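Input: a single structure, listed below in structure tokens.
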Amino acid sequence: MHSLEKMASRDQALQRVRTVGQLLDNAIAIPGTNYRVGLDPLLGLLPGGGDMVGIVVSAYIVLEAARFGVPKSTLIRMVLNILLDSSVGAIPVVGDLFDFAWKSNSRNVALLESHVTNGTLQRKVDRRFIFVLAIVLLLIVLSFAALATLVVGLVWKLIMG
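Note that my numbering gives residue 543 to position 67 of the sequence shown, counting from 1, and the numbers run on in steps of one.
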């Protein structure tokens, strides 16, 4: 029975990750097209804080993937997907357009699902690596917070003289 409970818990966690990925990247259908957008590019339109919220929620997918036992190389790839999305997404206008197309969360959910489907998950999760991964994700968030603060300060000086 313990094994069945563990499988049910895993299925629930995978469904949560899928739901988060869907909300962030594909929640809203654009009428008259087959294209969908999510909350992530919309959050990116909010100066400073929107990108940080997106990164934090995206980090949840990566940390869940780590708990599943996704190989380290894939976890690093997932973090790089978020970093690329966030870095390019921070560029005004170009970044907003990129956010609508890149969909890093859907990519990361697909990476997780491929390992679950193929049975290539690791039995033992390296807790130290997960800790380092969490620190890296936190540093990414803090870097964007510092950048947002710097930009707001510069804009304020330009406006106020």
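A virtual CB, placed ideally from N, CA and C, is assigned to each residue, including glycine. Since we're looking at a predicted model, the values are computed, not measured.
Of the listed residues A586, F607, N594, V608, nearest to Q491 (C-alpha basis): The count along the sequence shown starts at 1 and reaches residue 491 at position 15. Checked all of A586, F607, N594, V608; the closest Cα to Q491 is A586.
Secondary structure of I504, DSSP reduced to three states: Sequence index remark: in the sequence shown, residue 504 carries index 28 (1-based). In this structure, I504 counts as strand in the three-state DSSP scheme.
Cβ neighbours of T542 in the same chain (closer than 7 Å, five flanking residues each side left out): The count along the sequence shown starts at 1 and reaches residue 542 at position 66. Checking the sequence shown, residue 542 turns out to be Ala, not Thr. Once the five neighbours on either side are set aside, the close Cβ partners of A542 are L551, V601, I606, L609.
Cβ-Cβ distance between V529 and L522 below 9 Å: Along the sequence shown, read from residue 1 onward, the residue named residue 529 stands at position 53. Along the sequence shown, read from residue 1 onward, the residue named residue 522 stands at position 46. Result yes, Cβ atoms of V529 and L522 sit closer than 9 Å.
Exposure label - M477; buried when at least 16 CB within 10 Å: If you number the sequence shown from 1, residue 477 lands on position 1. Interpretation of M477 is limited by its pLDDT of 49, a score under 50 that renders its predicted location unreliable; no figure is taken from the coordinates.
Contact under 9 Å by Cβ, N581 with D516: Taking the sequence shown and counting its residues from 1, the one referred to as residue 581 is at position 105. Taking the sequence shown and counting its residues from 1, the one referred to as residue 516 is at position 40. A contact, by the Cβ cut-off of 9 Å.
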